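K.L.:
Take this structure, written in structure tokens, and hold onto it; I'll ask about it next.
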Amino acid sequence: LVDSLLEQANYCISAPLAESGAYTLMVDCNIFMGLDTMVPVPSNLYVIEKCTQKKISAHAINEFLKKEYINIFRDMSSSDFKNFLEKDILTYTKGAVEKNFEKVILTFGWSLKPSILKKKSFDLEHGI
């Protein structure tokens, strides 16, 4: 494997990104290797529904995040994706910036859309 990667061969692996009680989020990656580094490049995302073993495309999620300049490996963690699988909201935080995305179920699979979380209103008369 290492020899083939050093020879610039393309190698693909599948690995789980996150798991909840009902779903497993899987990623297919192309692995590229330099002299002292290995770079996984996500090529496909999909969800496995545990009770039916149905494979649901989530490729549109990766494409959506790329348009937002979010890399699923560099900028997200498995706990971010686990929360997404459990709550249908994916939260991205970098510094003081927080973005929320909501799961969308389409005929071809899962995608994301921007989500505006409702902020709690603060009543000055009753809050003090």
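If you count by our numbering, then the sequence shown holds residues 99 to 226, one letter each, in order.
In this text, a Cβ means the ideal position worked out from N, Cα and C, and glycines have one as well.
Here the structure is a predicted model, which means the values were calculated and not measured.
1) Give the straight-line distance between the Cα atoms of S219 and V195, rounded to the nearest whole angstrom.
2) Return yes when the Cβ of K197 is within less than 8 Å of the Cβ of Y190, no when it is not.
3) Leaving out five residues on either side along the sequence, give the residues of the same chain with a beta carbon under 8 Å from the beta carbon of W208.
4) Tell me the rounded alpha-carbon separation between I129 and I111.
5) Have a look at L210 and V137 and give me their C-alpha separation to the nearest angstrom.
6) May I ask you to report which of helix, strand or coil DSSP gives S213?
7) Leaving out five residues before and five after I226 in sequence, what residues of the same chain have Cβ atoms less than 6 Å from its Cβ?
8) Check for me: the alpha helix (DSSP H) holding D178 runs from which residue to which?
9) Which residues bound the beta strand (DSSP E) around A116?
10) Secondary structure at K197, three-state DSSP: helix, strand or coil?
11) Where does the unbroken alpha helix (DSSP H) through F130 begin, and where does it stop?
12) Which of the three DSSP states, helix, strand or coil, is assigned to I146?
13) In the DSSP assignment, find the unbroken alpha helix (DSSP H) run with I159 in it and report its ends.
P.N.:
Inspection of the coordinates gives the following:
1) Indexing the sequence shown from 1 puts residue 219 at position 121. Indexing the sequence shown from 1 puts residue 195 at position 97. Bear in mind that the predicted position of S219 carries a pLDDT of just 49, short of 50, making it unreliable; the figure below should be weighed with that in mind. Cα to Cα, S219 sits roughly 21 Å from V195.
2) In the sequence shown, residue 190 corresponds to position 92, counting from 1. In the sequence shown, residue 197 corresponds to position 99, counting from 1. Result yes, Cβ atoms of Y190 and K197 sit closer than 8 Å.
3) Residue mapping note: residue 208 aligns to position 110 of the sequence shown, counting from 1. V145, I154, S155, A156, A158, I159, K201, V202.
4) In the sequence shown, residue 129 corresponds to position 31, counting from 1. In the sequence shown, residue 111 corresponds to position 13, counting from 1. So the alpha carbons of these two residues sit roughly 8 Å apart.
5) Position 112 of the sequence shown, counted from the first residue, corresponds to residue 210. Position 39 of the sequence shown, counted from the first residue, corresponds to residue 137. L210 and V137: Cα-Cα distance of roughly 25 Å.
6) Sequence index remark: in the sequence shown, residue 213 carries index 115 (1-based). Three-state result, S213: coil.
7) Counting from one through the sequence shown, the residue named residue 226 turns up at place 128. With a pLDDT of only 49 at I226, under 50, the local geometry of the prediction cannot be trusted, and the value read off the model is given with reservation. Result list for I226: empty, nothing under 6 Å.
8) In the sequence shown, the residue the question calls residue 178 occupies position 80. Residues 176-185.
9) As a first step, residue 116 is located in the sequence shown; it is residue number 18 there, counting from the start. Note, A116: beta strand (DSSP E), 109-117.
10) Locating residue 197 in the sequence shown gives position 99, counting from the first residue. Strand.
11) Indexing the sequence shown from 1 puts residue 130 at position 32. From DSSP, F130 is part of no alpha helix (DSSP H) but of the beta strand (DSSP E) over 121-131.
12) For the purposes of this step, residue 146 is taken as residue 48 along the sequence shown, with counting starting at 1. If DSSP states are grouped into helix, strand and coil, I146 belongs with the strands.
13) Stepping through the sequence shown from its first residue, residue 159 is reached at position 61. Run containing I159: 157-165, per the alpha helix (DSSP H) assignment.
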